[in-house]
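**Q** Got a structure here, written out as structure tokens. Questions coming.
Numbering (this note's numbering), first residue to last: 3 to 151.
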């Protein structure tokens with residue numbers, strides 16, 4: 003996901019809403035139209051810079067965080083292929099950081115595919131149960147899925 007604060011900001015200065023205090027001070031200063039326009043543009047630039055800084059430092063910029071959305075049972079139930087792709091992203095990140103071997107990544111990926119396909123109906127009917135409880139129930143007494151537990 004890439005959000006560009008500059009592209010998102012396409013409002014004209016008359017559509018930008020400043021606080022009541024800013025409007026009061028602006029009217030009190032009695033500026034000309036050019037000064038008002040400069041003021042609104044400065045406000046707009048400040049907000050753009052602030053939003054850009056927040057987005058740069060957001061954890062959503064990291065692939066592993068995006069990939070961890072794989073663990074949403076609703077996603078697995080509705081779009082198993084998207085979920086598997088996101089899980090592959092997580093495995094790739096772990097492999098790139100030397101946290102797992104390629105063999106472990108492949109084995110885990112295959113186990114996840116099997117797990118998702120055999121439990122598809124359960125994922126589709128997921129309610130509001132805590133994720134740790136939900137997944138531990140599914141993986142309980144399944145020795146073939148030991149690496150996932």
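Every residue, glycine too, gets a C-beta built ideally from N, C-alpha and C.
Write down the C-beta distance between residue 86 and residue 114 rounded to the nearest angstrom, noting that I regard them as a contact closer than 8 Å.
**A** Sequence index remark: in the chain shown, residue 86 carries index 84 (1-based). Sequence index remark: in the chain shown, residue 114 carries index 112 (1-based). Going by Cβ atoms, the distance from residue 86 to residue 114 rounds to 7 Å, so yes, they are a contact pair.
**Q** Between the Cα of residue 73 and the Cα atoms of 89, 83, 80 and 64, which residue gives the shortest distance?
**A** On the chain shown, residue 73 is found 71 positions in, with the first residue counted as 1. Ranking 89, 83, 80 and 64 by Cα distance to residue 73 puts 89 first.
**Q** Who are the Cβ neighbours of residue 5 in its own chain at under 7 Å, not counting the five residues just before and after it?
**A** As a working note, residue 5 is residue 3 in the chain shown. Low confidence applies to residue 5: its pLDDT is 44, below 50, so where it sits in the model is not reliable enough to give any reading.
**Q** Just how far apart, CA to CA, sit residue 47 and residue 40?
**A** Residue numbering aside, residue 47 sits at position 45 when the chain shown is read from its first letter. Residue numbering aside, residue 40 sits at position 38 when the chain shown is read from its first letter. Whole-angstrom Cα-Cα distance: 10 Å.
**Q** Using C-beta distances below 8 Å, list every residue in its chain close to residue 30, excluding the 5 sequence neighbours before and after it, in chain order.
**A** Here the question's residue 30 lines up with position 28 in the chain shown. Counting only Cβ-Cβ distances below 8 Å, and skipping sequence neighbours, we find nothing.
**Q** Taking only three categories from DSSP, how would you classify residue 142?
**A** Looking up residue 142 in the chain shown gives position 140. Residue 142 falls in the coil class under three-state DSSP.
**Q** According to the neighbour-count rule (16 or more other Cβ atoms, all chains shown, within 10 Å of its Cβ), is residue 131 buried or exposed?
**A** For the purposes of this step, residue 131 is taken as the residue at position 129 of the chain shown. Residue 131 is exposed by the Cβ-count criterion.
**Q** What separation, rounded to the nearest whole angstrom, lies between the Cα atoms of residue 45 and residue 70?
**A** Walking along the chain shown from the start, residue 45 turns up at place 43. Walking along the chain shown from the start, residue 70 turns up at place 68. So the alpha carbons of these two residues sit roughly 36 Å apart.
**Q** Would you grab the beta carbon distance between residue 84 and residue 93 for me? Rounded to a whole angstrom, and I think it's under 8 Å.
**A** On the chain shown, position 82 is the one that residue 84 refers to. On the chain shown, position 91 is the one that residue 93 refers to. At roughly 15 Å, the Cβ-Cβ gap does not stay under 8 Å, so residue 84 and residue 93 are not in contact.
**Q** How should residue 117 be labelled, buried or exposed, when 16 other C-beta atoms within 10 angstroms of its C-beta is the threshold for buried?
**A** As a position in the chain shown, residue 117 is number 115, starting the count at 1. Residue 117 comes out buried.
**Q** Which of the three DSSP states, helix, strand or coil, is assigned to residue 79?
**A** Position 77 of the chain shown, counted from the start, is the residue given in the question as residue 79. Three-state DSSP puts residue 79 in a helix.
**Q** In three-state DSSP terms, what is residue 129?
**A** Stepping through the chain shown from its first residue, residue 129 is reached at position 127. Three-state DSSP puts residue 129 in coil, outside helix and strand.
**Q** Would you call the CB atoms of residue 111 and residue 91 closer than 8 Å?
**A** The count along the chain shown starts at 1 and reaches residue 111 at position 109. The count along the chain shown starts at 1 and reaches residue 91 at position 89. No, these two residues do not count as a Cβ contact at 8 Å.
**Q** Quick one: residues in its chain with C-beta nearer than 6 Å to the C-beta of residue 125, no 5 flanking neighbours on either side, listed in chain order?
**A** Position 123 of the chain shown, counted from the start, is the residue given in the question as residue 125. Once the five neighbours on either side are set aside, the close Cβ partners of residue 125 are 75, 78 and 79.
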